[in-house]
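See structure below.
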Amino acid sequence: MRLAVPKETRAGETRVAASPESVKKFKALGLDVVVQAGAGAGARISDADYTAAGAVIAPDAAGTLKDADIVLKVRGAESSEISQMKKGAVLAALLSPHAEKDAIAALASQGVIAFAMELLPRISRAQAMDVLSSQANLAGYKAVIDAAAQFGRAMPMMMTAAGTIAPARVLVMGVGVAGLQAIATAKRLGAIVSATDVRPATKEQVESLGGTFVAVMDEEFKNAQTAGGYAKEMSAEYQAKQAALTAETIKKQDIVITTALIPGRKAPILVSEEMIKSMKPGSVIVDLAAGAGGNTPLSKPDEVVEVHGVTIMGYTNLPGRLSTDASSLYARNLFNFVSLIVDKKSGALAIDWNDEIIKGAAVAGAPVQGG
């Protein structure tokens, strides 16, 4: 079987879907690996590195995709790529199925079996394939590093003969994978860190990393999580109290990192313009949801803007700003997924459509249930 890794075509995408390490593993599975020339350049992986790992280098996308049984990408395929995929080929990538419905329809029309890696069920068996977690972990780290570089002061407390420099104050809004890594990174840099989230269970996680949890701790909040770990919708009264506490907290912060994303929907506003106006001049906001509408109304996708004396950073691909590590982790995720759909003895496709991981990620080409 032939596995293809074309060069990414989306503007600003520096990651690649395979590493030399994963190429070796695919070869051990019995797959022939073809990588498009220059595919790894953005991640500092040369064609020679892929060749040494056992891959064949194709000069262009057409040569890469020709007769490919499995296609691996970081971002979804363009129409020109889809038209070159053969019927029955498997595509695994971050496909943004809620936003890119036309592309999903084109894949289905072409007869491609498409798996959106962001739709993998959050179960223990799928953890090694969880691209959202591997990439969000890097995004949380990079958000703090970028903020520290932009911030005009030092992060830790410094005691010198000339006097003491107070530590920076960092607020992380949203305690998922990215938020937890942001908390840990800011603490390692010596900042005073606080965090907020709508799920009560995150309080212990924040405190275990040395942060202070910010929330109105009344009875409603204590019961604000379902048995499955999801947040319940809060009453208008509670939301008003929490907004007032958040507004008061933000005034004291030097850096705010927002991480709230809702798949298929516009990102919620966490920091209003009034809150931004209340922040100290020179403060920094890193909005990890800038590509989905933003957690502030003033965020601009892929821009760094200064508004009311506050710098708002709206990078939409923070993992891509750490492309070597991001590609390495993503490639491992994809290898673990492909291992699930390839028979280890014959090297042929063996897709178990009853597997909940397969069913959860499939967006095109899946058999009709009961058909």
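First residue of the sequence shown: 985, per this note's numbering; consecutive thereafter.
Even glycine gets a Cβ: it sits at the ideal position worked out from N, Cα and C.
Note that the structure is predicted; figures quoted are calculated from it, not measured.
{"Asked": "Proximity to residue 1155 [Cα-Cα], best of 1168, 990 and 1345", "Found": "1168"}
{"Asked": "Proximal residues to residue 1174 (C-beta, below 7 Å), its chain only, five neighbours per side dropped", "Found": "1139, 1140, 1141 and 1151"}
{"Asked": "Chain-order list of residues whose beta-carbon lies under 7 Å from that of residue 1191 (same chain, five-residue window excluded)", "Found": "1197"}
{"Asked": "DSSP three-state assignment for residue 1333, whether helix, strand or coil", "Found": "strand"}
{"Asked": "Reduced DSSP category for residue 1347 - H, G, I as helix; E, B as strand; rest coil", "Found": "strand"}
{"Asked": "Residue 1193 - DSSP class collapsed to helix/strand/coil", "Found": "coil"}
{"Asked": "Residues of its chain near residue 1354, where Cβ-Cβ distance is below 6 Å and the 5 sequence neighbours each way are ignored", "Found": "Low local confidence applies: a pLDDT of 44 at residue 1354 is under 50, so the model's placement there is unreliable, with the coordinate-based value given in what follows. Closer than 6 Å at the Cβ level, and outside the excluded window around residue 1354, lies no residue."}
{"Asked": "Residue 1155 - DSSP class collapsed to helix/strand/coil", "Found": "strand"}
{"Asked": "Reference residue 1097, options 1073, 1084 and 1120, closest by Cα", "Found": "1073"}
{"Asked": "When 1304, 1316 and 1344 are compared against residue 1025, the one with the closest alpha-carbon", "Found": "1304"}
{"Asked": "Three-state secondary structure assigned by DSSP to residue 1290", "Found": "strand"}
{"Asked": "Nearest to residue 1324 (by Cα), restricted to the options 1340, 1312, 1309 and 1313", "Found": "1340"}
{"Asked": "Extent of the continuous beta strand (DSSP E) run through residue 986", "Found": "986-989"}
{"Asked": "Neighbour-count burial assignment, residue 1090, 16 or more Cβ in a 10 Å radius", "Found": "buried"}
{"Asked": "Same chain, Cβ closer than 7 Å to residue 1404, neighbours up to 5 away in sequence not counted", "Found": "Because the chain here runs from 985 to 1355, residue 1404 falls outside it and cannot be looked at."}
{"Asked": "Spatial distance of residue 1267 from residue 1135 (CA atoms)", "Found": "7 Å"}
{"Asked": "Straight-line Cα distance separating residue 1332 from residue 1241", "Found": "45 Å"}
{"Asked": "Pairwise C-alpha distance: residue 1118 and residue 1161", "Found": "9 Å"}
{"Asked": "heavy atom of the ligand NAP below 7 Å from residue 1123 C-beta", "Found": "Judged by which ligands are present, the structure shown has none, so any question about the ligand NAP falls away."}
{"Asked": "Whether residue 1153 touches residue 1236 by CB criterion (8 Å)", "Found": "yes"}
{"Asked": "N- and C-terminal bounds of the beta strand (DSSP E) containing residue 1271", "Found": "1268-1271"}
{"Asked": "Simplified DSSP state of residue 942, which is helix, strand or coil", "Found": "The structure shown does not extend to residue 942, since the chain is modelled only from 985 to 1355, so the question has no answer here."}
{"Asked": "Distance, residue 1020 Cα to residue 1044 Cα", "Found": "6 Å"}
{"Asked": "Residue interval of the alpha helix (DSSP H) (run including residue 1172)", "Found": "1161-1172"}
{"Asked": "With 16 other Cβ atoms within 10 Å as the buried cut-off, status of residue 1143", "Found": "exposed"}
{"Asked": "Sub-8 Å separation of residue 1036 and residue 988 beta-carbons", "Found": "no"}
{"Asked": "Spatially closest choice to residue 1103 from 1076, 1294, 1123 and 1094, by CA coordinates", "Found": "1076"}
{"Asked": "Simplified DSSP assignment, three categories, for residue 1119", "Found": "helix"}
{"Asked": "Length of the line joining the Cα atoms of residue 1101 and residue 1146", "Found": "53 Å"}
{"Asked": "Identified DSSP bridge partners for residue 1249", "Found": "Looking at the DSSP assignment, residue 1249 forms no beta bridge with any residue, so it has no partner."}
{"Asked": "Whole-angstrom C-beta distance between residue 1220 and residue 1244, which should lie under 8 Å", "Found": "Rounded, the Cβ-Cβ distance is 19 Å, inconsistent with contact."}
{"Asked": "Simplified DSSP state of residue 1354, which is helix, strand or coil", "Found": "Annotation note: pLDDT 44 at residue 1354 (below 50); position unreliable, no value reported."}
{"Asked": "Cα-Cα separation, residue 1230 to residue 1158", "Found": "12 Å"}
{"Asked": "Test item: CB-CB of residue 1265 and residue 1275 under 8 Å", "Found": "no"}
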